[in-house]
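Enquirer: Following this message is one structure expressed as structure tokens.
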């Protein structure tokens, strides 16, 4: 059987990185949409609508990895919980 060692601090740092990455993706998509809407207050023609399609494609691409990142985050939290339970066991 292979011996595996998992550092609790490494898992905690990974959780923080996943959370931060998810937030950055969400913030970037929100910012693009907000800027597009703001531009629409003074500009609404064919080019504006074409830009809207590009913005939509970009926000879709930014949102695509979020479910995978969330799944990774959920598994990391489960791993952290298992590590904490293991560390709290009285041997």
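In my numbering, the protein residues as written are 5 to 95.
C-beta: ideal position from N, C-alpha, C; glycine also.
Give the list of continuous alpha helix (DSSP H) stretches no shorter than 4 residues that lie fully inside the segment 37-94.
Expert: 50-67, 70-92
Enquirer: Count the other C-beta atoms from every protein chain shown that fall within 10 angstroms of the C-beta of residue 64, then say buried if there are 16 or more, exposed otherwise.
Expert: Here residue 64 is exposed: its Cβ has fewer than 16 other Cβ atoms, across all protein chains shown, within 10 Å.
Enquirer: Examine the Cβ distances between the segment 31-45 and the segment 79-88 and report whether three or more of them are shorter than 8 Å.
Expert: no
Enquirer: Please report the Cβ distance between residue 29 and residue 66, rounded to the nearest whole angstrom; I am assuming they are in contact, meaning their Cβ atoms lie under 8 Å.
Expert: By a beta-carbon distance limit of 8 Å, residue 29 contacts residue 66. Their separation comes to about 5 Å.
Enquirer: Can you tell me which of the three DSSP states residue 23 falls into?
Expert: helix
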